[in-house]
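Trainee: Residue numbers (full-length UniProt numbering), protein chains in the order written: chain A, 1 to 217; chain B, 1 to 216; chain C, 1 to 283. We treat Cβ as the ideally placed atom computed from N, Cα and C, and that holds for glycine.
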Amino acid sequence: MPDFSILTENFDIYLHGFRNTILASVIALLGSFAIGTVIAVFRITPIRPLRWAGAMYVEFIRNIPLLLVVFVFFYGLPSLGITLSGFVCGTLGLMIYTASFIAEAIRAGIMSVPKGQLEAAQASGLTYVQAMRYVVLPQAIKIVIPPLSNQSLNLIKNSSILGVFAGLDLMYFGDQIASRTYVTFDTYIFVALFYLVLTLPLSYMARQLERKLAKSG
Amino acid sequence: MDFAGALSPDNLRFILEGFYVTLKVAFISIVLSFVLGCLVGTIRYAKIPILAPVLGVIVEILRNLPLLLIIFFTRFALPDIGIKLDVVTSAIVALTLFEGAIISEIVRSGLNSVNKGQIEASRSSGLGYTQTLWHIVMPQGLRRMVPPLVSQFIALLKDTSLAVVISLPELMNHSKIVIAQSYDFVIPVLMVVALLYFSVNYALSLIARRLEAKFV
Amino acid sequence: MRKKWMSVSFMLFVISALVLAACGGGSGNGNGNGNSAAGGESEAGASLLDEIKSRDKLVVGVKFDTKLFGLKDPASGEVEGFDIDIAKALAKSILGDENKIELKEVTSKTRIPMLNNNEIDMIIATMTITEERREQVDFSEVYFEAGQSLLVKKGSPIQSVEDVTSGTKVLAVKGATSVDNIKEIAPDATVLEFENYQDAFSALKAGQGDVLTTDNSILYGMMAQDANYEVVGEPFTDEPYGIAMKKGETALVEAVNEGLAALKSSGEYNTIYEKWIGEAPSE
Numbered sequence: 001m002p003d004f005s006i007l008t009e010n011f012d013i014y015l016h017g018f019r020n021t022i023l024a025s026v027i028a029l030l031g032s033f034a035i036g037t038v039i040a041v042f043r044i045t046p047i048r049p050l051r052w053a054g055a056m057y058v059e060f061i062r063n064i065p066l067l068l069v070v071f072v073f074f075y076g077l078p079s080l081g082i083t084l085s086g087f088v089c090g091t092l093g094l095m096i097y098t099a100s101f102i103a104e105a106i107r108a109g110i111m112s113v114p115k116g117q118l119e120a121a122q123a124s125g126l127t128y129v130q131a132m133r134y135v136v137l138p139q140a141i142k143i144v145i146p147p148l149s150n151q152s153l154n155l156i157k158n159s160s161i162l163g164v165f166a167g168l169d170l171m172y173f174g175d176q177i178a179s180r181t182y183v184t185f186d187t188y189i190f191v192a193l194f195y196l197v198l199t200l201p202l203s204y205m206a207r208q209l210e211r212k213l214a215k216s217g
Numbered sequence: 001m002d003f004a005g006a007l008s009p010d011n012l013r014f015i016l017e018g019f020y021v022t023l024k025v026a027f028i029s030i031v032l033s034f035v036l037g038c039l040v041g042t043i044r045y046a047k048i049p050i051l052a053p054v055l056g057v058i059v060e061i062l063r064n065l066p067l068l069l070i071i072f073f074t075r076f077a078l079p080d081i082g083i084k085l086d087v088v089t090s091a092i093v094a095l096t097l098f099e100g101a102i103i104s105e106i107v108r109s110g111l112n113s114v115n116k117g118q119i120e121a122s123r124s125s126g127l128g129y130t131q132t133l134w135h136i137v138m139p140q141g142l143r144r145m146v147p148p149l150v151s152q153f154i155a156l157l158k159d160t161s162l163a164v165v166i167s168l169p170e171l172m173n174h175s176k177i178v179i180a181q182s183y184d185f186v187i188p189v190l191m192v193v194a195l196l197y198f199s200v201n202y203a204l205s206l207i208a209r210r211l212e213a214k215f216v
Numbered sequence: 001m002r003k004k005w006m007s008v009s010f011m012l013f014v015i016s017a018l019v020l021a022a023c024g025g026g027s028g029n030g031n032g033n034g035n036s037a038a039g040g041e042s043e044a045g046a047s048l049l050d051e052i053k054s055r056d057k058l059v060v061g062v063k064f065d066t067k068l069f070g071l072k073d074p075a076s077g078e079v080e081g082f083d084i085d086i087a088k089a090l091a092k093s094i095l096g097d098e099n100k101i102e103l104k105e106v107t108s109k110t111r112i113p114m115l116n117n118n119e120i121d122m123i124i125a126t127m128t129i130t131e132e133r134r135e136q137v138d139f140s141e142v143y144f145e146a147g148q149s150l151l152v153k154k155g156s157p158i159q160s161v162e163d164v165t166s167g168t169k170v171l172a173v174k175g176a177t178s179v180d181n182i183k184e185i186a187p188d189a190t191v192l193e194f195e196n197y198q199d200a201f202s203a204l205k206a207g208q209g210d211v212l213t214t215d216n217s218i219l220y221g222m223m224a225q226d227a228n229y230e231v232v233g234e235p236f237t238d239e240p241y242g243i244a245m246k247k248g249e250t251a252l253v254e255a256v257n258e259g260l261a262a263l264k265s266s267g268e269y270n271t272i273y274e275k276w277i278g279e280a281p282s283e
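1) Is the Cβ of glutamine 208 of chain C closer than 8 Å to any Cβ of chain A?
2) Please report the distance separating the alpha-carbon of tyrosine 202 of chain B from that of leucine 7 of chain A.
3) May I ask which residues mark the beginning and end of the beta strand (DSSP E) holding serine 149 of chain C?
4) Give the single residue among A:Ala34, A:Arg180, A:Leu196 whose Cα lies nearest to the Cα of leucine 92 of chain A.
5) For histidine 174 of chain B, is the classification buried or exposed, using 16 other Cβ atoms within 10 angstroms of its Cβ as the cut-off for buried?
6) Select from A:Thr37, A:Arg19, A:Lys157, A:Ala40 the residue whose C-alpha is nearest the C-alpha of isoleucine 66 of chain A.
7) Under 8 Å Cβ to Cβ from isoleucine 143 of chain A, same chain only, skipping five residues before and after it: list those, please.
8) My guess is that tyrosine 97 of chain A and isoleucine 39 of chain A are in contact by the Cβ rule of under 8 Å, so how many angstroms apart are they, rounded?
9) Please list the residues of the segment 166-177 of chain A that have a C-beta atom closer than 8 Å to any C-beta atom in chain C, keeping them in chain order.
10) DSSP three-state call for valine 191 of chain A: helix, strand or coil?
11) Closer than 8 Å between beta carbons: that is the criterion. Which residues of the segment 127-153 of chain B meet it against chain A?
12) Using a cut-off of 8 Å between C-beta atoms, extract the partners of residue 284 of chain C located in chain B.
13) Is any beta-carbon of chain B found at less than 8 Å from that of residue 289 of chain C?
14) Could you tell me which of C:Ala172, C:Glu141, C:Pro157, C:Glu184 sits nearest to residue 288 of chain C, measuring between CA atoms?
15) Taking the Cβ atom as the reference point for each residue, do leucine 171 of chain B and leucine 190 of chain B lie within a distance shorter than 8 Å?
16) Comparing C-alpha positions only, which one of B:Trp134, B:Ser113, B:Asn64 sits nearest to serine 122 of chain B?
17) Among C:Asp210, C:Pro240, C:Lys205, which residue has its Cα nearest to the Cα of tyrosine 75 of chain A?
18) Whole angstroms are fine: how far does the CA of serine 125 of chain B sit from the CA of lysine 47 of chain B?
19) Quick check on the burial criterion: 16 or more other C-beta atoms within 10 angstroms. Buried or exposed for glutamine 131 of chain B?
20) How many Å lie between aspartate 186 of chain A and isoleucine 141 of chain A at the Cα?
21) How far does the alpha helix (DSSP H) with tyrosine 241 of chain C in it reach, from first residue to last?
22) Helix, strand or coil for lysine 169 of chain C per DSSP?
23) Between the Cα of lysine 169 of chain C and the Cα atoms of C:Lys154, C:Pro187, C:Ile277, which residue gives the shortest distance?
24) So if DSSP puts tyrosine 57 of chain A in a beta bridge, which residue, or which two residues, is it bridged to?
25) Which residue comes first and which comes last in the alpha helix (DSSP H) that contains phenylalanine 109 of chain C?
26) Using 8 Å for Cβ pairs, my map puts arginine 108 of chain B next to arginine 44 of chain B. What's the rounded Cβ distance?
27) Identify the contact partners of leucine 162 of chain B in chain A, using a Cβ-Cβ distance below 7 Å as the criterion.
28) Give me the Cα-Cα distance between valine 40 of chain B and proline 53 of chain B, rounded to the nearest whole angstrom.
29) Please list, in chain order, the chain C residues whose beta carbon lies closer than 9 Å to that of proline 79 of chain B.
30) Based on the DSSP secondary-structure assignment, which residues constitute the bridge partners of isoleucine 123 of chain C?
31) Phenylalanine 74 of chain A by DSSP, collapsed to three states: which one?
32) Determine the extent of the beta strand (DSSP E) in which lysine 72 of chain C is found, giving its start and end residues.
33) Counting only the same chain and skipping the five closest in sequence on each side, list residues whose C-beta sits under 8 Å from that of glutamate 141 of chain C.
34) Can you give the beta carbon distance from isoleucine 92 of chain B to isoleucine 28 of chain B, rounded, assuming they're within the 8 Å contact cut?
35) For a quick check, are the C-beta atoms of proline 66 of chain B and serine 160 of chain A less than 8 Å apart?
36) Helix or strand or just coil, what does DSSP make of valine 164 of chain B?
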């Protein structure tokens, strides 16, 4: 059995990190949904420069590691005169990185609805917005939800990157406890439990939702 | 910014040496996690008693933990129970376990997506379960797995960068050593590093798209 | 036939996967306190010293990112520094050849776990002897006297440890004694901890903090790397460096202490000291 005194004696520290992990995840998630939606719209508009910009963003960010993105924010930006803390850099990095995946998921969802349906809906008297709202989006959402919940979970797990940049998250304080108590193994067992408390219920809920959507379709 | 100093032949060679380790570790982990993922995914699809539920629990735990944590675990916790791994091996084991868990889910849902009617038809026409799995389910399931598999392989290649925390001498580790020489090197070195990751991953994603077009 | 072979290899993979997965996922049980399991056991039979002699190679954990003590040179790929030369000299005194040595990278965070996992025979990595650490490892005699100090950008208002107050961002390294010391001396300051000295120094250069604190010996190495930074104030702690070995390996500790004593009496220690530190050791 792991040594529970590690948990009880350092509970406040764990909790402090846990709170910051949640905070960073929520901010990054909201931000990445917003940015991802904008980029997805860029990618399907008829305006060519916007399409290119959207494609470049997605292709570039998707193909480099998150660590590198945060590294650029933390160590690179100051050379341009912008210095942000590890927490902010980590959260921004998560946001920018995850947005590229969310953009792709949303785009794929919208593209999966045959164009004919939009045209047919418009021909039968619906406006573009109405057609989108009542015909295209309800179908798109079913396709979009599974990858989006997947990306949200990835984001939470990826938030551990803050620990490498003194971002005051769960991982960072885990390192701190481990190096102070020298009980490496048990310290990280409890870190793992804190992450699972967050991710397991979410992944269960995501699966239930997915099942429901699959049935209704 | 000092491009000439940052990208001197010595530094460039050192960065590329790191990239070689990244590619090597990624390649081995891709092969191993694919094999592991196929096995676990198939076992769970076939609902083999005892094995399937046990693997199910392990998969759930592994894929819901941060990879960073798993990397640190394999490096410093496994030796506690008598399994000693060097840096490269423990990075490979961590990546294989984490990505293998995710790939097993890709494989399982790929197999699940095959129409049940086809399975029944094949069974009733006299094929055994294994034969049905091999000749009917696998080829169709595999087709659907290709796109998510390739994006998972790309994710794995990017994820090797997390092994900096256990001092794996890979691309990020080596570029940090170069950056430590002078702060003027930061931007040029990071640009080269981004370019290296991007070119390999972009090439992979192009191949994925080609395959997707061919199969689907 | 082919099918049979396939199913056999199938099974083999399943077994190995299970073993790996079980260890990775469920090893929390049965291990109890990871610390006492790894650190406290004394192996029956051969001592570590005998093992080193029979494998004819000394495996030493050193820093790869610390100029003057252990730094990997991108040009040559070699690791160089004071700690490295001490390690080589010990290999010579124990095994008769300074090249019978393998250097593994450690950081302040990873060095004790690696030692207790038997991955390295000893740590020669700017490691201060402390009472807490004595409970984890055995130390040799002191082989270097350092003291904690501060590194700032030239022209910084911070000139000594008294200037480190609330609002000052102090950069340090995970697992180093300097973290505890500065928290004690300047409890109001914000301390940010990084994976290794490279990251901490890069963070200082990037303006992520006002001051970097660790042993003056390491800070002088950073100063040598970038002349825009300087060490300020007098050292405010004593940091006697020791060579750390797994607990209970008395024979090895004795061999190391004999080696160190011989180095000092032959004058070789002074040569190494002057080569890296640039002056003769005081005393």
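Mentor: Straight from the coordinates:
1) Position 208 of the third sequence, counted from the first residue, corresponds to residue 208 of chain C. Yes, its Cβ sits closer than 8 Å to a Cβ of chain A.
2) The residue labelled residue 202 of chain B in the question sits at position 202 within the second sequence. The residue labelled residue 7 of chain A in the question sits at position 7 within the first sequence. Taking the straight line joining both Cα atoms gives about 44 Å.
3) The residue labelled residue 149 of chain C in the question sits at position 149 within the third sequence. Its beta strand (DSSP E) spans residues 148-153.
4) Looking up residue 92 of chain A in the first sequence gives position 92. When each option's Cα is compared against that of leucine 92 of chain A, the closest is A:Ala34.
5) The sequence position of residue 174 of chain B within the second sequence is 174, counting from 1. Its Cβ being crowded by 16 or more others within 10 Å, histidine 174 of chain B is buried.
6) Taking the first sequence and counting its residues from 1, the one referred to as residue 66 of chain A is at position 66. According to the sequence displayed, residue 66 of chain A carries leucine and not isoleucine. Among A:Thr37, A:Arg19, A:Lys157, A:Ala40, the Cα nearest to that of leucine 66 of chain A is on A:Lys157.
7) In the first sequence, residue 143 of chain A corresponds to position 143, counting from 1. Close CB contacts of isoleucine 143 of chain A within its chain, under the 8 Å cut and outside five residues either way in sequence, are with Ala108, Gly109, Ser112 (chain order).
8) Residue mapping note: residue 97 of chain A aligns to position 97 of the first sequence, counting from 1. Residue mapping note: residue 39 of chain A aligns to position 39 of the first sequence, counting from 1. So it is not a contact: roughly 12 Å between Cβ atoms.
9) Legend: CB atoms of the segment 166-177 of chain A lying less than 8 Å from CB atoms of chain C belong to residues Ala166, Tyr172, Asp175, Gln176.
10) Your numbering for residue 191 of chain A matches position 191 in the first sequence. In the structure shown, valine 191 of chain A sits in a helix (DSSP, three-state: H, G or I).
11) When C-beta distances to chain A are compared with 8 Å, every residue of the segment 127-153 of chain B stays at or above that value.
12) Residue 284 of chain C is absent from the structure shown; chain C starts at 1 and stops at 283.
13) Only positions 1 to 283 of chain C appear in this structure, which leaves residue 289 of chain C out of reach.
14) Residue 288 of chain C is absent from the model: chain C starts at 1 and stops at 283.
15) Mapped onto the second sequence, residue 171 of chain B falls at position 171. Mapped onto the second sequence, residue 190 of chain B falls at position 190. Between leucine 171 of chain B and leucine 190 of chain B, the C-beta spacing is not below 8 Å.
16) As a position in the second sequence, residue 122 of chain B is number 122, starting the count at 1. Serine 122 of chain B has its Cα closest to that of B:Trp134, out of B:Trp134, B:Ser113, B:Asn64.
17) For this step, residue 75 of chain A is matched to residue 75 along the first sequence. Nearest option by C-alpha distance: C:Lys205.
18) Here the question's residue 47 of chain B lines up with position 47 in the second sequence. Here the question's residue 125 of chain B lines up with position 125 in the second sequence. Cα-Cα distance, rounded: 23 Å.
19) Start at 1 with the first residue of the second sequence, and residue 131 of chain B comes out as number 131. Exposed, because fewer than 16 other Cβ atoms sit within 10 Å of the Cβ of glutamine 131 of chain B.
20) Locating residue 186 of chain A in the first sequence gives position 186, where the first residue counts as 1. Locating residue 141 of chain A in the first sequence gives position 141, where the first residue counts as 1. Taking the straight line from one Cα to the other gives about 42 Å.
21) Start at 1 with the first residue of the third sequence, and residue 241 of chain C comes out as number 241. From DSSP, tyrosine 241 of chain C is part of no alpha helix (DSSP H) but of the beta strand (DSSP E) over 239-241.
22) Locating residue 169 of chain C in the third sequence gives position 169, where the first residue counts as 1. Collapsing the DSSP output to three states places lysine 169 of chain C in a strand.
23) Looking up residue 169 of chain C in the third sequence gives position 169. Just measuring C-alpha positions, the residue of C:Lys154, C:Pro187, C:Ile277 sitting nearest lysine 169 of chain C is C:Pro187.
24) Here residue 57 of chain A refers to the residue found at position 57 of the first sequence. DSSP output for tyrosine 57 of chain A lists no bridge partner at all.
25) The count along the third sequence starts at 1 and reaches residue 109 of chain C at position 109. The sequence given here places lysine at residue 109 of chain C; phenylalanine does not occur at that position. Looking at the DSSP string, lysine 109 of chain C is not in any alpha helix (DSSP H), and its letter there is neither H nor E.
26) Locating residue 108 of chain B in the second sequence gives position 108, counting from the first residue. Locating residue 44 of chain B in the second sequence gives position 44, counting from the first residue. About 5 Å separates the beta carbons of arginine 108 of chain B and arginine 44 of chain B, which is inside the 8 Å limit, making them a contact pair.
27) Working through the second sequence from its first residue, we reach residue 162 of chain B at position 162. Counting only Cβ-Cβ distances below 7 Å, leucine 162 of chain B has contacts in chain A at Leu67, in chain order.
28) Within the second sequence, the letter at position 40 stands for residue 40 of chain B. Within the second sequence, the letter at position 53 stands for residue 53 of chain B. Looking at the two C-alpha atoms, the distance is approximately 11 Å.
29) Mapped onto the second sequence, residue 79 of chain B falls at position 79. In chain order: Ala38, Pro113, Met114, Asn116, Asn117, Asn118, Glu119.
30) Locating residue 123 of chain C in the third sequence gives position 123, counting from the first residue. DSSP, once it has assigned bridges, lists C:Gly61, C:Ala244 as partnering isoleucine 123 of chain C.
31) Within the first sequence, residue 74 of chain A is the residue found at index 74, counting from 1. Residue state, collapsed to three classes: helix.
32) Here residue 72 of chain C refers to the residue found at position 72 when the third sequence is read from its first residue. Here the beta strand (DSSP E) through lysine 72 of chain C covers 70-72.
33) Here residue 141 of chain C refers to the residue found at position 141 of the third sequence. Closer than 8 Å at Cβ, skipping near neighbours: Gly242, Asn257, Leu260, Ala261.
34) The residue you call residue 92 of chain B lines up with position 92 of the second sequence. The residue you call residue 28 of chain B lines up with position 28 of the second sequence. Approximately 5 Å separates the beta-carbon atoms of isoleucine 92 of chain B and isoleucine 28 of chain B; this is inside 8 Å, confirming the contact.
35) Stepping through the second sequence from its first residue, residue 66 of chain B is reached at position 66. Stepping through the first sequence from its first residue, residue 160 of chain A is reached at position 160. Contact: yes.
36) Residue 164 of chain B sits at position 164 when you count from the first residue of the second sequence. Helix.
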